[in-house]
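A.B. asks:
Protein chains: 2
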Amino acid sequence: MSLEHAILVSLLEQPASGYELARRFDRSIGRFWTATHQQIYRVLKRMEHDDWLTAEEIGQEGLPDKKVWSVTPTGRSALVTWLRAPVQPEAVRHELAVKIRGAAFDDAAGRAALVAEVERYRADHEATLAGYLAGERRDFPDPTTREARAALQHVVLRGGIAYERMVLAWLDDVLDTLRHLDPATGRKANP
Amino acid sequence: MSLEHAILVSLLEQPASGYELARRFDRSIGRFWTATHQQIYRVLKRMEHDDWLTAEEIGQEGLPDKKVWSVTPTGRSALVTWLRAPVQPEAVRHELAVKIRGAAFDDAAGRAALVAEVERYRADHEATLAGYLAGERRDFPDPTTREARAALQHVVLRGGIAYERMVLAWLDDVLDTLRHLDPATGRKANP
DNA sequence: TTCGGCATGTAAAACGTTACATGATTAT
DNA sequence: ATAATCATGTAACGTTTTACATGCCGAA
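From first to last, the protein sequence lines are chains U and E.
Position 106 of the first sequence, counting from 1, maps to 106 under the working numbering, and the rest follow consecutively.
Position 181 of the second sequence, counting from 1, maps to 181 under the working numbering, and the rest follow consecutively.
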């Protein structure tokens, strides 16, 4: 129920075309809300119809015109209304956790394959963490800023960093656990 | 794409009726995969049609008959196939993070309301953590077990515990950040 | 006698994913 | 030439959510 609201926040931070928005949802906003360009175009249309957004058509040489979207006062007050409503509990969907409990019903070969998969997954999260830390150094060099927008963006980024660190530590715990079940598949000489 | 697989894991751990399954998805399995009873009944039907499950009808006095579902060999091998496939990256949806960044576009009163909401949210997570820790003491008193099923269930629970602890620490960071924006709304005498 | 729990479902609406479609520009 | 990037969309399909529906039991 809140792709609209994520879009409102992003466009208030900086107006953008649908395409630019979609890329933001692949990058910074994607840390806490994912969406594809198809979803975004559909929702932008609805938001324009509801008078939450206005578009400014900008002609470009050699490229199709783009519509740069901005938030209207109506959209802004819709955001404020939503901001002040209770936070819904998150719906958790963690596929890897299902697989780990499922590993009890596979054999040692299957668990060895899962170990390899967890290692790959761990490497992805390590890369994500490195990207967050680089972004933090780049965008928030001064941690004592009193500027509201930057302080809030920074605390959300710190949440992403804390999440990735927690995941990495847990994946190490998972790998230890899986390897102890089938010592032959373990890679640690001295457990 | 894997409510089916979460159901297979749960029924392999212990056969159950649709209703009992739905309650498990409210409790233990709900830690890493949520589902409502409507979804579960529909998927159970499809899984029966695909010969992944069989039902045993059990008559009950005074209550409607219930169907107790068990996994067939076909279902078990479908699970193993899925277990060995690559893990999909998680789709992140964190409403609270959207609200925190959105708070830059609300006034001090709105941010004070958000502080109150974050405090409530934090209390929920504290209760969840307490529940996990109680479950850990109850179900895994011996952390040195070599029994595969228990070891895997335990490492998933430790993941939930690590997640809740991370969330609580981050929410404290969020509260500090919000209070520094509008010192008047803060409750800490000595920040 | 009203509420919560047990037990199972249907229907409609909203949301999300995948595939398809177009067409120019820039880099390899 | 080929692929990637910019830029916008439609169509079909599948999943999820919300609301509705039934009916019995036991406790307050």
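Virtual Cβ for every residue (Gly too), placed ideally from N, Cα, C.
Here the structure is a predicted model, which means the values were calculated and not measured.
I need the boundaries of the alpha helix (DSSP H) containing residue 70 of chain E, first residue and last residue.
C.D. replies: Residue 70 of chain E -> not in any alpha helix (DSSP H); beta strand (DSSP E) instead, spanning 66-71.
A.B. asks: Considering just the uninterrupted stretch of the alpha helix (DSSP H) at residue 126 of chain U, what are its terminal residues?
C.D. replies: From DSSP, the alpha helix (DSSP H) with residue 126 of chain U extends over 108-139.
A.B. asks: Per DSSP, which residues does residue 53 of chain U bridge with? Please list them.
C.D. replies: Looking at the DSSP assignment, residue 53 of chain U forms a beta bridge with U:71.
A.B. asks: Could you have a look at residue 35 of chain U and say whether DSSP puts it in helix, strand or coil?
C.D. replies: Correct three-state label for residue 35 of chain U: coil.
A.B. asks: Based on Cα-Cα distance, which residue from E:166, E:154 and E:171 lies nearest to residue 103 of chain U?
C.D. replies: Minimum Cα distance to residue 103 of chain U is reached at E:154.
A.B. asks: Mind checking if residue 132 of chain U is an interface residue toward chain E, Cβ cutoff 8 angstroms exclusive?
C.D. replies: False, the Cβ-Cβ gap to chain E never drops below 8 angstroms.
A.B. asks: For a contact meaning CB atoms closer than 7 angstroms, what does residue 100 of chain E contact in chain U?
C.D. replies: The answer, in chain order, is 152, 155 and 156.
A.B. asks: Short of 7 angstroms Cβ to Cβ, which residues in the segment 7-21 of chain E face chain U?
C.D. replies: Correct list: 9 and 12.
A.B. asks: Residues in the same chain with beta-carbon distance under 6 angstroms from residue 66 of chain U, minus the five sequence neighbours each way, listed in chain order, please.
C.D. replies: Closer than 6 angstroms at the Cβ level, and outside the excluded window around residue 66 of chain U, lie 17 and 58.
A.B. asks: Starting from residue 154 of chain U, trace the alpha helix (DSSP H) in both directions and tell me its first and last residue.
C.D. replies: Start and end: 148-181.
A.B. asks: Under three-state DSSP, which class holds residue 42 of chain U?
C.D. replies: Note: residue 42 of chain U maps to helix in three-state DSSP.
A.B. asks: Going straight from the alpha carbon of residue 94 of chain U to that of residue 73 of chain U, what length do you get?
C.D. replies: Between residue 94 of chain U and residue 73 of chain U, the C-alpha separation is close to 38 angstroms.
A.B. asks: Hey, residue 11 of chain U and residue 71 of chain U are a contact pair by Cβ (cut 8 angstroms); roughly how many whole angstroms apart?
C.D. replies: Rounded, the Cβ-Cβ distance is 5 angstroms, consistent with contact.
A.B. asks: Grab the span of the alpha helix (DSSP H) containing residue 25 of chain E for me, first residue to last.
C.D. replies: Unbroken alpha helix (DSSP H) run through residue 25 of chain E: 18-26.
A.B. asks: Less than 8 angstroms between CB atoms is the rule here; does residue 44 of chain U satisfy it with respect to chain E?
C.D. replies: Answer no: the Cβ-Cβ gap between residue 44 of chain U and chain E never drops below 8 angstroms.
A.B. asks: At a CB-CB cut-off below 9 angstroms, which residues of chain U make contact with residue 142 of chain E?
C.D. replies: Here the premise fails: no neighbours, minimum Cβ distance about 14 angstroms.
A.B. asks: Counting pairs of beta carbons, one from the segment 131-143 of chain E and one from the segment 153-170 of chain E, are three or more of them closer than 8 angstroms?
C.D. replies: Flag = yes, the segment 131-143 of chain E and the segment 153-170 of chain E touch.
A.B. asks: Using a Cβ-Cβ cut-off of less than 7 angstroms, give me the residues of the segment 61-81 of chain U that come near chain E, in sequence order.
C.D. replies: Per Cβ criterion, the list reads 76, 79 and 80.
A.B. asks: Quick check on this structure: which residue in U:137, U:76, U:178 and U:171 has the alpha carbon closest to the alpha carbon of residue 145 of chain E?
C.D. replies: Checked all of U:137, U:76, U:178 and U:171; the closest Cα to residue 145 of chain E is U:178.
A.B. asks: By Cβ distance below 7 angstroms, which residues in the same chain neighbour residue 165 of chain E in space, the five residues on each side in sequence not counted?
C.D. replies: Correct list, in chain order: 129.
A.B. asks: Out of curiosity, what's the CA-to-CA distance linking residue 176 of chain U and residue 126 of chain U?
C.D. replies: Cα to Cα, the separation comes out at about 18 angstroms.
A.B. asks: In terms of residue numbering, what span does the alpha helix (DSSP H) encompassing residue 87 of chain U cover?
C.D. replies: Where residue 87 of chain U is concerned, there is no enclosing alpha helix (DSSP H), given that its DSSP letter is neither H nor E.
A.B. asks: Taking contact to mean 3 or more Cβ pairs, one atom from each stretch, closer than 8 angstroms, check whether the segment 79-88 of chain E and the segment 101-117 of chain U are in contact.
C.D. replies: Touching, yes, given that three or more Cβ pairs across the two stretches are closer than 8 angstroms.
A.B. asks: Should residue 166 of chain E be flagged as near chain U, meaning a C-beta pair shorter than 8 angstroms?
C.D. replies: Yes, contact with chain U.
A.B. asks: Go through its chain and collect everything with a Cβ distance to residue 31 of chain E's Cβ below 6 angstroms, but skip five positions before and after it.
C.D. replies: The answer, listed in chain order, is 160.
A.B. asks: Here's the rule I'm using: 16 or more other beta-carbon atoms within 10 Å means buried, otherwise exposed. How should residue 41 of chain U be labelled?
C.D. replies: With fewer than 16 Cβ atoms within 10 Å of its Cβ, residue 41 of chain U is classed as exposed.
A.B. asks: For residue 39 of chain E and chain U, any beta-carbon pair shorter than 8 angstroms?
C.D. replies: Output row for residue 39 of chain E: interface = no.
A.B. asks: Between residue 181 of chain E and residue 148 of chain U, is the Cβ-Cβ spacing less than 8 angstroms?
C.D. replies: Cβ atoms of residue 181 of chain E and residue 148 of chain U: closer than 8 angstroms.
A.B. asks: Might you give, ordered along the chain, the residues of its own chain that have their beta carbon closer than 7 angstroms to the beta carbon of residue 6 of chain E, omitting 5 neighbours on each side?
C.D. replies: So the qualifying residues of the chain are 29 and 33.
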